[in-house]
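Residue numbers (my numbering), protein chains in the order written: chain A, 2 to 259; chain E, 45 to 612. Ideal placement from N, C-alpha and C gives every residue a C-beta, glycine not left out. As the structure is a prediction and not an experimental result, all values here were calculated from the model. Taking it in order: structure first as C-alpha cells, then the write-up.
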Amino acid sequence: MAAALLAGCEVIGENERLIPTAVDIDAAGKAHVLIEYTGFRCVNCPKAAEVAESLHQAYGEQLIVVAMHPASNPFTQGVAEYDYTSPAADIYYSDMGGNATTAFPTGNLNMQSDADGYLHDYSLWPTMLAAVAGEKAGVFVHPEATLDESTHQVTVRTTCYAEQPYDGNLLLWLVEDSIQGAQLMPDGTVSTQYYHRHVLRQALTEPYGQTLAFAVQPATHELQFTLPEQYNRAHCSIVAVALNDNNEIINARQTPIQ
Amino acid sequence: MKDRRGYMVLLLCCMAIGLWAHDTVYVSGGIQHDGLFPTQPVSTYRTTPRAPWAKIDHLSNNYIDLSVHYLRMKDSEEDGSHLRGIQADTRIELNQWPLLGYEPGFAGHGIGRLSLKADFDWGSVSIGDVYGQFGSGMLLNLYENRDLGIDNYLRGAKLDVMPYRGIRLMAIGGKQRRYWNCYEDRAWGWNYTQDAAMGVNMELGIHDFVPYMHQEGIHLSVGGSYVSKYEHDDTLLVYQPDGWYRYNLPRWVGAGEVRASLQAKGWDALVEYAYKANDPTAENGMSYRPGQALLLSLSYSRKGLAVLAQAKHSDNMSFRSSRNQRGLAGRLNLLPVFTPQQTYSLAAIYPYATQYATGEWAFQAELRYTWGKKTKMGGKYGTTLKLSAAHVRGLRNEGSWAVDMTANGEYYTDVNIELNKRVTRNWWTTAMLLYQAYNQQVIVGKGSMVRAGIAVWENKVKITDQFTLRNELQYLYTRQDAGQWLSLLLELDLWQCLTVSGEYSYNAGNGSEHPSGHYYTVAAAYTRDAHRLSIGYTKNNDGYNCAGGVCRYMPEQEGVTMSYSFNW
C-alpha cells in the first residue's frame, strides 16, 4: 500500500490534456437521437447545449438533437412565458428515471439504457455517440412535411421500409428550433437573448409511436395536424423515429416543414 | 446469497470463539422504520413525477442493525495475542420503496453492510465495509447519514495503530459503495465503484513527548494525511473546432493534507491545509486545475464564556471515487461547513450547501456568554446570550484566493442573536432574531437572492413532574421566494414517555409562482425503554434537508407517518 501511495498521483501537463483522436462517422449509417433534458433555470444547461451543438456540427445528418423540458423538474418551472414543457417530455423523463431531484443538465442517447441507467452527464455524450457512430440501420424512415398556409394544417408523409420485414413503431415529433427566451447562464446572469435549440413541442403520435410493420417495399404513412400559431413555422421541423419493441430508437430522420 | 452465507459463517465463528474461551459474547443492534402512507398517489404531487414505485401505498426506509461482540476476559498479554475483542457488524436495508426525495439509486434492498473488527492492545484491524475520517474530513470522510441517504464506506480494510503513546497511524482502502444494483442481474447486491481509494493518516501528539507541556495542560498535535484514488482510464471524447480529441485522464489522483492543533488554558487553535492534484470530473467540468482548502479556527472557552472565530477557503475540492459520479453518492470527502445548523423550522427553510466544485470563502464567529445566577443580568436562575454570524462568499476567479465582493458573490449570510433564560423554577424561555441571506441561484441552481428576517420565541413550562408543555412561535419575513411564514408549535410531554405535538405553518405566498399554503403536522410518540413509536399526520411543503453542508431535496408530501425504533 505504501508503494501504491507513493506512486498514487499522476499529474497531466497542460499540453498533454487532450489527445487527438479519430472518430468514424459513417454517412451511410443510421441517424442517432440525442435527447437533452434541460430547463431555462438550469445554470449549466447552456454548456450542455454547446456540447450538443458541437456534436450536431460534427455528425451532421447522422445526429438529431431534441431538447426536452420536463415539467416535473424545478429547472423548467415558474414562468409561463418560458414554458417549453410538453406532456411527452414528462413521460420520457419519468420513464428514464428522472424526477424532481435529478441533476441537470442530463441526457440520453437513442432512448437506450446501459449499466448506469438512461440518464448521463453531458461530458459523456461525445463518448457515447462515438461508440455507436458506425452502426448500420436496417429500418428507414423518410418524412416530408408541408404546411397549408391558409389552414395551418401540416401534412406529414413518412416513407417507411426495411431491409428485412420488421415490426416496430413509428413515432413523430414536432420540434421547434431557436426559440428566443430567458436562460440562466453559467456566470449567474440571466440572458433574455438566448435561443433555445431543438425544443420538443409535442409528440404527434402516441408517446411511443404507433405500431408499424416495416416492409421491404416502401410504404408511405400520412398524418395531419394543426400547427399552433405561436410557433415559428420557419423553425419547425418533424422528426420521424423508428422504435423497436423495447422503445429504443433504431433510426430517425428530421425534415423541415415546407 | 453469497453475502448471507458469509454473515452466518461470521456469526458462528464469533460464537464458537466465545464458547471456547469462556469469554463474553453479546449481541447489540437496532431496528428503524420510517414510513409514510401518502394520501395522494405519488404521481400527483406537484414536484414529484410518476415513479416506478408510484403504485405502492406505503413508502418507507427500513434498517436492521446487528452487532456481535466478543470480549476477552483473560489478560490478552498472557497468550501473546494482545487480542481484546472481536466485533462483527451487519446491516440489512429494506428500501425498495423509499420515502420521497431520495436519489433513484437509493432504492434497493439487501445486506447493506458487513464488517469484522478485531481490537488489540496496539490498535485494531477491520475488514469488510469500513468507515473513517482523516482530520476534519477535507480529504476523507466515510460516514452514514440516513436522513440524506448517504452511506459511502469503502469495502476493503482498515488498520488503526497506536504503536506508542502519542502516535496514531491509520491506513484504509477499498472500493466505495454506490447504492444498489439489485434490480440488475445481481440480486441482493450493492453497487460500488470498480476502482479503489486508499489513504494513510498520522497523528502525532507532541505533548506526549514533552513533559512540560503535559504538566501545563498544553496539547499540541500535528498530523498529515494522504489519500489516493485509482480509476481506470476511460475514453471521454470532446469535439473541438479543429477536430476530435480524447481527454488524457489521470488514473491516479492524489491529495495530501497537513494539520496542527493547539489546546491550552481554554484556547483551541486549529490550522489545516489540503491539496488535491488534477482531477477532471463531470462535477468540475473536466477541469485539470488542482484543488486546495485551508481551514483556520480559534476558540476560547471558560465557565460562562465561549468565543469562536473560524475561516475556510476551498477551491475545486470535490473528491469522488468516480469521475462521472454526480449527486450525493460516491463522495470521498466532506468539507466542514461554517454555517449554523438551525433547528427551528422557519430558520431551517434556507440551509446552505457547500460549493465543492466552484469553491468558496466561509467565515464564522460566535460568542456565548452566561450571566450567573442571582446576578443583575442573570436573574435568579441565570441567562445565556449567544451572538452568531456566518458569511459565505464565492471566489473572485477560478483558482483565486481573492474573495468575490460582487453582489452575486454573496452565497450565504446568517446573523442571529439568541437569549436563553430560566424565568422561574418551572419556566424556560428562548428568544431569537435572525437575518439570513440565501443565494438560491448558486445554492440550488434557480431563483434569486433571498433576504429574510426571522423571529422565534420558545417556551417550556413544567406544569407538574409528569406534564411539560413546550411551545414555539416563529415568523419569517421576506419579499422574495415564497414570502412570509408564520408557524406555531405545541408539544405536550406526558408521564415522561408520551409526547403529543402539533405544528401549524402558514405561508402567505408571493405571486402566482408561489401560491399561499397551509402546512401542519400532528404526532404522538411513545417511548418505553428502548422502544419508540411515533404516529402522525403531516402536510409539508417542499424544501431541503441538510447536514454538514450536504443537502437533499424533499418534495412536498402529505399523509400518515409512522416511525418505530428499537435499540438493544
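Excluding its 5 nearest sequence neighbours in each direction, Glu602(E) has C-beta neighbours in its own chain below 6 Å: Thr83, Lys583, listed in chain order. Residue pairing of Trp472(E) in beta bridges, as defined by DSSP: Arg466(E), Lys504(E).
Separation of Arg367(E) and Ser124(A) (C-alpha to C-alpha, rounded to the nearest whole angstrom) is 10 Å.
If only uninterrupted alpha helix (DSSP H) runs of at least 4 residues are considered, none is enclosed by the region 275 to 329 of chain E. For the set Val544(E), Gln408(E), Ser305(E), Gln385(E), the Cα lying nearest the Cα of Gln354(E) is the one of Gln408(E). Distances from the alpha-carbon of Ala299(E) to those of Leu184(E), Ser104(E), Thr428(E), Trp405(E) put Leu184(E) closest.
With respect to chain E, the C-beta atom of Arg198(A) has no partner C-beta closer than 8 Å.
Between Glu17(A) and chain E, the shortest Cβ-Cβ separation is below 8 Å.
Where Pro229(A) is concerned, there is no enclosing beta strand (DSSP E), because DSSP gives it neither an H nor an E.
In the DSSP assignment, Gln408(E) falls within the beta strand (DSSP E) that extends over 404 to 415. For Pro82(E), no alpha helix (DSSP H) run applies; the uninterrupted beta strand (DSSP E) run containing it begins and ends at 68 to 82, by DSSP. Put simply, the region 293 to 312 of chain E touches the region 263 to 281 of chain E. At least three CB pairs are less than 8 Å apart. At least 8 Å separates the beta-carbon of Leu372(E) from that of Val566(E). Sixteen is the threshold: since fewer than 16 other Cβ atoms of the shown chains lie within 10 Å of the Cβ of Cys541(E), the residue is exposed. The C-beta separation of Leu379(E) from Tyr400(E) comes to about 7 Å, placing the pair in contact by the 8 Å criterion. Secondary structure within the region 95 to 183 of chain A: the alpha helix (DSSP H) runs of 4 or more consecutive residues, fully enclosed, are 126 to 133 (chain order). Annotation: the continuous alpha helix (DSSP H) that includes Ile487(E) extends over 484 to 487.
Only residues of its own chain outside the window of five on either side were considered, and among them Leu530, His562 have a CB closer than 6 Å to the CB of Tyr550(E), listed in chain order. Interface annotation, Gln140(E): not in contact with chain A, CB-CB separation never under 8 Å. With fewer than 16 other beta carbons inside 10 angstroms of its own, Trp501(E) counts as exposed.
Chain E has a Cβ within less than 8 Å of the Cβ of Ile20(A). Here the C-alpha atom of Glu137(E) lies approximately 6 Å from the C-alpha atom of Gly156(E). Residue-level contact by beta carbon fails for Asn252(A) and chain E, as no gap is shorter than 8 Å. Scanning chain A for C-beta atoms nearer than 7 Å to the C-beta of Thr279(E) yields Thr128, reported in chain order. Note that the C-beta distance between Val169(E) and Val112(E) is not below 8 Å. Closest by C-alpha distance to Tyr597(E), out of Ala101(A), Phe41(A), Met69(A), Ala89(A), is Ala101(A). Gly497(E) is the residue among Gly497(E), Trp472(E), Thr473(E), Val271(E) whose C-alpha sits nearest the C-alpha of Asn460(E). Under the DSSP assignment, Lys161(E) falls in the beta strand (DSSP E) whose first and last residues are 152 to 164. Straight-line measurement puts the Cα of Met186(A) at about 10 Å from the Cα of Gln485(E). Taken in chain order, the whole beta strand (DSSP E) runs of length 3 or more contained in the region 342 to 424 of chain E are 349 to 359, 404 to 415. Neighbours of Thr102(A) in chain E, taken as residues whose beta carbon is under 7 Å from its own, are Gly145, Glu147, Tyr597 in chain order. One finds Asp188, Gly189, Thr190 in chain A with Cβ atoms closer than 9 Å to the Cβ of Asn452(E), taken in chain order.
Thr383(E) and Tyr455(E) have their C-alpha atoms spaced approximately 11 Å apart. Around Gly98(A), the beta-carbon contacts reaching into chain E at under 7 Å are Pro148. Counting along the chain, Tyr60(A) sits inside no beta strand (DSSP E); it lies in the alpha helix (DSSP H) bounded by residues 46 to 60. The DSSP-derived three-state label of Asn245(A) is coil.
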